[in-house]
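To keep things clear, I will list the structure first and then write my remarks on it.
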Amino acid sequence: MIKFCKYLCIVFLLFISIQSKSQILADSSLLVKDKIELTYKWKKPCLLSKNKSYKLLTQIKNMNDYDLRFAFQIAFYKSGIIVSESDTIVNCIDAQQKIKGRKYALVFDTHDINYEDIKNEIIVVEFIPVEILKMRSCKK
25 MIKFCKYLCI
35 VFLLFISIQS
45 KSQILADSSL
55 LVKDKIELTY
65 KWKKPCLLSK
75 NKSYKLLTQI
85 KNMNDYDLRF
95 AFQIAFYKSG
105 IIVSESDTIV
115 NCIDAQQKIK
125 GRKYALVFDT
135 HDINYEDIKN
145 EIIVVEFIPV
155 EILKMRSCKK
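Each residue of the sequence shown is one higher than the one before, counting from 25 in the working numbering.
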């Protein structure tokens with residue numbers, strides 16, 4: 025029984041280490057000035073999925089004491105040449121809150137990008153702020 029628990033703990037720790045991926049902080053002087061923290065990480069495709077492209081998961085945190093309307097675009101560069109660019113994404117973020125996931129249109133499919141390019145850091149992700157507005161409230 026003790027051996028079984030030991031193996032179960034090892035499997036659990038391996039699972040956690042595989043699942044945890046570091047997030048990269050997006051660097052933009054405009055975002056720092058406006059106290060917006062934007063992080064992203066790459067997600068591998070699911071083994072059973074027909075779609076074998078990587079996804080870019082982003083998270084936005086408003087570190088201000090007021091609500092913000094934040095509009096931005098994402099551009100993907102490969103060896104200095106633009107590979108793809110997103111539409112303008114607009115979100116309202118409450119004060120001291122963070123948003124992430126597909127609900128807020130913050131998951132991006134990357135059809136032309138493969139694992140080797142990501143691993144070798146040939147791909148550069150650029151966040152282009154389009155609009156940052158101070159809001160009274162994000163409630164509709």
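Glycine included, every Cβ here is placed at the ideal spot set by N, Cα and C.
Rounded distance between the beta-carbons of residue j and residue i, thought under 8 Å
i	j	result
A99	I106	6 Å
I137	S103	About 12 Å separates the two Cβ atoms, so there is no contact after all.
Y90	K158	6 Å
I60	N86	6 Å
F151	L92	F151 to L92, Cβ: 15 Å. No contact.
Residues of its chain near residue i, where Cβ-Cβ distance is below 6 Å and the 5 sequence neighbours each way are ignored
i	result
D173	There is simply no residue 173 to check, as the chain begins at 25 and stops at 164 in what is shown.
K45	The pLDDT assigned to K45 is 49, lower than 50, so where the model puts this residue is not dependable, and the model offers no usable value.
Extent of the continuous beta strand (DSSP E) to which residue i belongs
i	result
Y78	78-86
R93	91-102
S161	That residue, S161, is in no beta strand (DSSP E); it is neither H nor E in DSSP.
K167	The question about residue 167 has no answer, for the chain in this structure spans 25 to 164.
I106	105-109
Terminal residues of the alpha helix (DSSP H) in which residue i lies
i	result
E140	139-143
Counterpart residues of residue i in DSSP-defined beta bridges
i	result
C116	R93
Y128	None, per the DSSP bridge assignment.
D133	K79
P153	F96
Contact set for residue i: own chain, Cβ-Cβ below 7 Å, skip 5 residues either direction
i	result
S110	Q97, I98, F132
K68	Y78
Any non-hydrogen atom of the ligand SAH closer than 7 Å to residue i Cβ
i	result
K127	Questions concerning the ligand SAH fall outside what the structure shown contains, since it holds no ligand whatsoever.
inquiry  = Across the segment 119-130 and the segment 77-90, are there enough close Cβ pairs to call them in contact, namely three or more that are closer than 8 Å?
reply    = Cβ pair count under 8 Å is three or more, so yes.
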